[in-house]
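Here is the structure we will look at.
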Amino acid sequence: MKRVKESWLSVRNEPWFYSVLLLILAPLFPDYMSFILVIASLIFARQDMKRTGRRFSVGTVGLLMLAALGYMAFSLVYSTDPVGSFWSLIMWVSLFGAYLVASSVLTDRHRLRTAMLCMTAVVGLVSFLGVGQYLLGAVLDLDMEHGLWNGLDRLVYGLLKVPFDVLDFNGRVSSTFNNPNLLAAYLVMTIPFAVAYVLTGTRSKPKALSRISLILSAYALGFSFSRGGYLAFIAVALLLFCLFINKKFVMTVLTTIYIVLLIPPVISNRLITVVPSNVNTPADSVVVEEEVTPQPPATLEELEEEISEGYAEDNSVQMRFVMWKKVLSGVAKRPLFGSGIGIQTTQKTLSAAGLEYKHAHNLFLEILAQGGLILFGFFAAVLLVLMRRSLRLLKRRHNQEAWLLGFAILGACLALCVHGVFDFPLLTPRMLVTSMLLLGIAESVARVYLKAPVRELSAVWAGIIRPFRRLAENTTQKTAKRG
């Protein structure tokens, strides 16, 4: 505890610490609090800028995000729901501040480690609430299906006259979130950074507590019963297994066996449902005729029918196939620009097809539906930059900290993509704050360990404004000459 106390004393008067902490705490509070937390975080970050003489800065990822935000603003021109797109743009622009704070104040290894410790602690707290929610429901038979802030959300949204739907998730926990899938998305994106923190450096009491947080997060993810979350977690675990198998073979194998043995049956049974039912047919019930050779589906329609039959008893999967088909039809009509930023535009497409769903339940399709191939190109470019940097960090095996941070960034990208096949994680302000925070941390890691260049935000803004200013000056001069 002495080391924890010393660490606290070293940062308690530092504005940068509170600026990052407020962003890390966002998942603990309702979505409407995210905007207040980001504004407060920017104020603390500004105080740190005054102390150090630095300014808000952006790297390559930030420049791509600014370009994407500019394109989102342009989408207001052709959006099928201009009002909804406007408010979605306001949300994205305001929460971009989370990236600005993280990329500007996390300027050295000490600050990065402190941020990762705080993130691991918050992940543990969110997970603890999720596990407690499940145990209270399973053991005491209490109604604990809804999120922690459900009552407050009803009151606030009622006062604001905003529609608020309370869904029944059949025993699935969501902790502080309103949806178990969002809890799973948050956990799978942050667990890689928690793993990186736990595995760096020497033993200490903060790291012992971090290990407990990591165990709790695994169980909370399990009790969310999100199959997309399960697959994302497995993908991250396989990545970690492949990276460690050559370094610590025995420890890696034993840890894997230990984890598998500790999986509760209620979670493993849910995981098995990922496999289509026609693949789970018992071997002794299958009669194989020698003269009949199974043929693969000849057309896309046959493949779709075969998959649909495999999930005939799973309404969740069935409806996703239906939604994806309708959204793809909408994308085909507007492939380049999409229907405009915001899930409202996708909701209109689904509503026109008689489907009462708010989004496509697929990250990639949702991006294509909202912003077309152009916005999808920005998304792919950000992922490509992050993956290239993570691979460069993974090559630095002599620096364990950099190597593990490379795993964390690559693992978070992998988790987002795998989970994104089944859901749209960038749906709520809390998830956007977390995503922007992780992007900012990844940018800071590249600056500290890879010496990646950054540019002051003021210089970037001046570069954007300069052509328009020149155009205005030229227009004024021409008008004066004519006069």
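Count along the sequence shown from 1, add 70, and you get the number used in the working numbering. A virtual CB, placed ideally from N, CA and C, is assigned to each residue, including glycine.
Using only alpha-carbon positions, find the residue among R224, L199, F314, R467 that is nearest to A288.
-> L199
So I511 and L176 are in contact, right, with Cβ under 8 Å, and what is the actual spacing, rounded?
-> 6 Å
Three or more C-beta pairs below 8 Å linking the stretch 90-97 and the stretch 481-494 = no
Give a yes or no on whether 8 Å exceeds the smallest Cβ distance from K521 to chain C.
-> In the structure shown, chain C does not exist; there is a single protein chain.
Can you tell me whether Y148 is buried or exposed, with buried defined as 16 or more other CB within 10 angstroms of its CB?
-> exposed
Could you check what DSSP says for E84 in three-state terms: helix, strand or coil?
-> coil
At what residues does the alpha helix (DSSP H) containing Y169 begin and finish?
-> 167-175
What three-state label does DSSP hand E526 in the structure shown?
-> strand
Local conformation of V128 per DSSP, three classes | strand
C-alpha gap between V357 and I304, whole angstroms | Model confidence at V357 stands at a pLDDT of 41, short of 50, so the residue's coordinates are unreliable and nothing is read from them.
Near F293, what residues of its chain come up, given a Cβ to Cβ distance below 7 Å and the 5 sequence neighbours on each side ignored?
-> G200, V201, Y204, V243
Please work out which residues of its chain come closer than 8 Å, Cβ to Cβ, to L91, disregarding the five sequence neighbours upstream and downstream, and give them in chain order.
-> C188
Since F446 is in the alpha helix (DSSP H), which residue starts that stretch and which ends it?
-> 433-464
Determine the closest residue to D178 out of Y519, L420, S399, with distance taken between C-alpha atoms.
-> Y519
Length of the line joining the Cα atoms of L225 and L257 | 27 Å
The alpha helix (DSSP H) with H180 in it runs from where to where?
-> 179-209
Just curious, the alpha helix (DSSP H) that P233 is in, first and last residue?
-> First-last for P233: undefined, no H or E at that position.
Rounded C-alpha distance that separates T260 from S460 = 16 Å
From H429, A172, A478, P405, pick the residue whose C-alpha is nearest to that of S127; which is it?
-> A172
For C312, which residues of its own chain have a beta-carbon under 6 Å away from its beta-carbon, when the five flanking residues on both sides are left out?
-> none
How would you label D235, buried or exposed, when you count the other beta carbons within 10 angstroms and need 16 or more for buried?
-> exposed
Please work out which residues of its chain come closer than 7 Å, Cβ to Cβ, to I437, disregarding the five sequence neighbours upstream and downstream, and give them in chain order.
-> L445, F446, F449
Can at least three beta-carbon pairs, one atom from the stretch 143-161 and one from the stretch 412-430, be found at a separation below 8 Å?
-> yes
Is DSSP giving R242 helix, strand or coil here?
-> coil
In three-state terms, what does DSSP make of R281?
-> helix
Using DSSP with H/G/I as helix, E/B as strand and the rest coil, what is I113?
-> helix
Count the other CB atoms, across all protein chains shown, that sit within 10 Å of the CB of T130; report buried if there are 16 or more and exposed otherwise.
-> buried
How would you call A532, buried or exposed, if buried means at least 16 neighbouring beta carbons within 10 angstroms?
-> exposed
Alpha carbon to alpha carbon, what distance is there between A478 and F295?
-> 23 Å
For Y148, the three-state DSSP class (helix, strand or coil) | coil
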